[in-house]
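Before any comments, here is the structure.
In UniProt numbering, the protein residues as written are 1 to 415.
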């Protein structure tokens, strides 16, 4: 079998006399497209379509005889009554790349609560029937299209979660991986280069897979650590991925984190990360506002990262310092209903505070966070609670949904 490569005929004799590096060999140039169906988010999600012509193999035809399989494994959501599950599927490897397409070899995927939530009903956003799950991946560039400039084969990258959010100022509604866009719980995927960011080089695949949602959300909830020198303390609700990531960022920036949980066992694990970390068991501490005041020498915190939802906003305001504090609303684990009157949030005025709604962040936020992680050489190892094998993905979903974790649950897809 040979491959139809247009635009390279003149080079065939020259190529037989020289050696090209792996990036050159894997670069896709001026292919004749065969209009095979897309299996990913890009309309030109194809790679290396073989032709049916038969002749004596040449050096040119073997340049693209790479270690890329014809099929790959993925996990898709089932349909029908809730609760649903995810099942393994065999997907056809695309055969051609568009000019700006990048083929990714995915090494690790981390889970967010939204992933099992989609299987149990009540998820508030649109999702593809039988879609591929998950949004957070650490991947390696396996091949690139002819117009890709800023990426090379072998680069460590991740995909932004919201394909509509490159700068943070777009007018388009969100298009989110693992929801209304095919996700990353698979061995290979194709995305356009504009949706990719370089990952910090000092992190393992498992650590790097935690950044996309938990990391970027924590970063934007902390206001990108702007005016970090004037921030004294931050209150983090719960011990999930966003809170743990924010805690590590605070430690790296010299900000005191205070974290809440209903489990003394989880809080003890957290305290092992730093002696100056404040902890509050909200089940046993009757007056959390008073405890926050005690832990901050009567000043209150600069930022509250709210994972629970709108129901606790009035209490969140009570935790803030007198002027200039922020409540960052990043989740709704306790639901999206509230039993308070509008007047309950007047404290925002009295404290000159802001209520900030956050749904992840932009590509630029992702880039800025990765730069901070690399400059500070922040280890994300404490964030990884447990690593599952790829074929154990359903068990990983169940484990996360059980709430037994502290930090992030990761699936190792391949070496």
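Glycine included, C-beta positions come from ideal geometry on N, C-alpha and C.
Got a sec, what are the start and stop residues for the alpha helix (DSSP H) residue 264 sits in?
264-271
Restricting to Cα atoms, I'd like to know which of 238, 279, 223 is closest to residue 325.
Answer by Cα proximity: 223.
Looking at C-beta atoms only, is the number of pairs between the region 358-365 and the region 163-180 that lie closer than 8 Å three or more?
yes
Residue 194 by DSSP, collapsed to three states: which one?
helix
Can you look up residue 414 in the DSSP assignment and give me helix, strand or coil?
In this structure, residue 414 counts as coil in the three-state DSSP scheme.
If you pair each beta-carbon of the region 173-182 with each one of the region 330-337, do three or more pairs fall below 8 Å?
Segments in contact, no.
In the DSSP assignment, the beta strand (DSSP E) including residue 107 goes from what residue to what residue?
It spans 101-110 - the beta strand (DSSP E) in which residue 107 sits, taken as one unbroken run.
Residue 408 bridges to which residues according to DSSP?
384
Given this structure, state the Cα-to-Cα distance separating residue 385 from residue 203, to the nearest angstrom.
16 Å
Going by the DSSP bridge assignment, what does residue 90 pair with across the sheet?
The partner list for residue 90 (beta bridge, DSSP) reads 73.
For residue 213 and residue 162, I'd like the C-alpha separation in whole angstroms.
10 Å
What is the rounded straight-line gap between the Cα of residue 295 and the Cα of residue 259?
Using only the alpha carbons, I get a separation of about 11 Å.
Could you tell me which whole beta strand (DSSP E) segments of length 3 or greater appear in the region 271-344?
278-281, 303-306, 326-329
What do you get for residue 276, buried or exposed, if any count of 16 or more other CB atoms within 10 angstroms of its CB means buried?
exposed
Label residue 173 either buried or exposed according to how many other C-beta atoms from any shown protein chain fall within 10 Å of its C-beta, with 16 as the threshold for buried.
exposed
Considering only their Cβ atoms, is the gap separating residue 210 from residue 383 smaller than 8 Å?
yes
Buried or exposed for residue 205, please, with buried defined as at least 16 other CB atoms from any protein chain shown within 10 angstroms of its CB.
buried
From the DSSP output, in three-state form, read off residue 153 for me.
Residue 153 falls in the coil class under three-state DSSP.
What distance in whole Å lies between the Cβ atoms of residue 394 and residue 86, which are believed to be in contact at a cut-off of 8 Å?
6 Å
Alpha carbon to alpha carbon, what distance is there between residue 144 and residue 21?
Reliability of the predicted coordinates at residue 21 is poor, the pLDDT of 40 falling under 50, and the value obtained from them is presented with this limitation in mind. Their Cα atoms are separated by approximately 14 Å.
Using DSSP with H/G/I as helix, E/B as strand and the rest coil, what is residue 242?
Residue 242 falls in the helix class under three-state DSSP.
Measure the alpha-carbon distance for residue 306 versus residue 100 and round it to whole angstroms.
38 Å
Check each candidate in 146, 263, 175, 170 and name the one with the smallest Cα separation from residue 159.
175
Can you tell which of 266, 415, 215 has its C-alpha closest to the C-alpha of residue 246?
When only C-alpha atoms are compared, the closest one is 215.
Could you tell me the alpha carbon to alpha carbon distance between residue 186 and residue 265, rounded to whole angstroms?
34 Å
Who does residue 136 pair with in a DSSP beta bridge?
110
If you run the structure through DSSP and keep just helix, strand and coil, what is residue 398?
helix
According to DSSP, residue 203 sits in a beta bridge with which residue or residues?
Bridge partners of residue 203: none, in fact.
Please report how far the alpha carbon of residue 84 lies from the alpha carbon of residue 116, in whole angstroms.
9 Å
Quick one: residues in its chain with C-beta nearer than 8 Å to the C-beta of residue 315, no 5 flanking neighbours on either side, listed in chain order?
The residues 288, 289, in chain order, have a CB closer than 8 Å to that of residue 315 in the same chain once the five nearest residues on each side in sequence are set aside.
Between residue 411 and residue 190, is the Cβ-Cβ spacing less than 8 Å?
It is not a contact, given that the beta carbons lie outside the stated cut-off.
Candidates 312, 322, 328: which alpha carbon is nearest residue 341's?
312
With 16 other CB atoms within 10 Å as the buried threshold, where does residue 96 fall?
buried
Just to confirm, are residue 299 and residue 231 a CB contact at a threshold of 8 Å?
It is not a contact, given that the beta carbons lie outside the stated cut-off.
Hey, how far is the Cα of residue 105 from the Cα of residue 140?
5 Å
Taking only three categories from DSSP, how would you classify residue 353?
coil
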